[in-house]
Amino acid sequence: MKRISTLLFCILIFFSCARKFSITSTFRKGIPDGMQQLVIDSSYHLYIREVFLDTSDAGDKMVLINNNNAGTGNKLIEIEYLLLSELQNRSVYIATIPDKYQTYYAKKIKYLKREYLNAYDFSTFRFGKKVTGDNVIVFENTITKHSDTWNYSIEKDSILHVYEVVERINGDASNVYLTDEALSRTASFIRTDSFRIAFRNMDKEKKVEKKRGRPPLQRFSKDNIIYYRRDGNKYTIYFRFNKTLPPRYKDSTISFGNTRLVNAPF
27 MKRISTLLFC ILIFFSCARK FSITSTFRKG IPDGMQQLVI DSSYHLYIRE
77 VFLDTSDAGD KMVLINNNNA GTGNKLIEIE YLLLSELQNR SVYIATIPDK
127 YQTYYAKKIK YLKREYLNAY DFSTFRFGKK VTGDNVIVFE NTITKHSDTW
177 NYSIEKDSIL HVYEVVERIN GDASNVYLTD EALSRTASFI RTDSFRIAFR
227 NMDKEKKVEK KRGRPPLQRF SKDNIIYYRR DGNKYTIYFR FNKTLPPRYK
277 DSTISFGNTR LVNAPF
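The sequence shown lines up with residues 27 to 292 when you count with our numbering.
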């Protein structure tokens, strides 16, 4: 059971221990040739997975709606995002910076409002296709011929439970994981209909703002679009913001290289 839990945990979350985005000048002269776009329009709903560690019962993990429900004995240790459009049959799964020592999100100062996806903390990405008429999302890597299929149920349109993950190689099922049995951290995502992609360095900017006596700077996606461009078998994805970004304040776009992608965009 421990081996299955570890395998499934790696399937659901692709770990990396450092921030890997770059601030780029790619869009200084407009949208470059060959740049493709995934528009996050009103058909998308955001599902958030927040995992709290219940310190009153060692090892017990649970998903709660927000920090206020966590209680004084619990701390937030994980955040994941799932953007899903049933109209377009597309989804984007975003894992944030892994909390190796379970301390990063322990202070609320590290966490923007839950309806804000803080791109500063983005770590890895999966791009999936929803099967029409079914509660199924397929994340396929066309280069390695490896795919993961998430079978899920939705509880009263608000909580999405991933109850089974099917791992396939060359179209053939190689492993099937039942999350309730194999994963101690229940794979449940809670829906919020109002959301924005934001950017804020929660470690450094607050100190600067306090020193200068000004309110927190708010930076949001300029157009609610995830841009991506292919170079051979490699991809780079981009997010544009409405204000320049620290530390040099020269550009307002960040990029993530191919190592941040578990599978290629659409």
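Built from N, CA and C at the ideal position, the CB exists for glycine as well.
Who pairs with residue i in a beta bridge, going by DSSP?
i	result
residue 56	Its beta-bridge partners do not exist; DSSP assigns none.
residue 224	144 and 246
residue 203	191
residue 274	Per DSSP, none; premise fails for residue 274.
residue 197	In DSSP, residue 197 forms no bridge with anything.
To which residues of the same chain is residue i closer than 6 angstroms at the C-beta, ignoring the five residues directly before and after it?
i	result
residue 201	193
residue 186	73, 178, 180 and 215
residue 97	The pLDDT assigned to residue 97 is 49, lower than 50, so where the model puts this residue is not dependable, and the model offers no usable value.
residue 51	277
residue 172	195
residue 199	192
When burial is assigned at 16 or more other CB atoms within 10 Å of the CB, is residue i buried or exposed?
i	result
residue 141	exposed
residue 279	buried
residue 213	buried
residue 210	Because the pLDDT of residue 210 is 46, which lies under 50, any placement of that residue in the model is unreliable, and the number read from its coordinates should be weighed accordingly. When all chains shown are included, residue 210 counts as exposed.
residue 274	exposed
residue 75	buried
List the whole-angstrom C-beta distance separating residue i from residue j, where the pair is believed to meet the contact cut-off of C-beta under 8 angstroms.
i	j	result
residue 293	residue 156	The chain is shown from 27 up to 292; residue 293 falls before or after that span and cannot be answered.
residue 291	residue 153	5 angstroms
residue 62	residue 245	Incorrect: roughly 23 angstroms between the Cβ atoms, too far for contact.
residue 47	residue 148	7 angstroms
residue 78	residue 103	7 angstroms
Excluding the 5 residues flanking residue i on each side, which residues of the same chain have their C-beta closer than 8 angstroms to its C-beta?
i	result
residue 143	72, 107, 120, 221, 222, 223 and 224
residue 262	254, 255, 281, 282, 283 and 284
Near residue i, which residues of its chain fall below 7 angstroms by C-beta distance, leaving aside the five closest residues on each side in sequence?
i	result
residue 303	Residue 303 falls outside the range modelled here, since the chain spans only 27 to 292, and no answer is possible.
residue 113	69
residue 259	169
Say whether the region 277 to 285 touches the region 156 to 170, bearing in mind that this needs 3 or more beta-carbon pairs closer than 8 angstroms, one atom from each stretch.
no
Count the C-beta pairs between the region 216 to 225 and the region 245 to 259 that are closer than 8 angstroms, then say yes if the count reaches three, no if not.
yes
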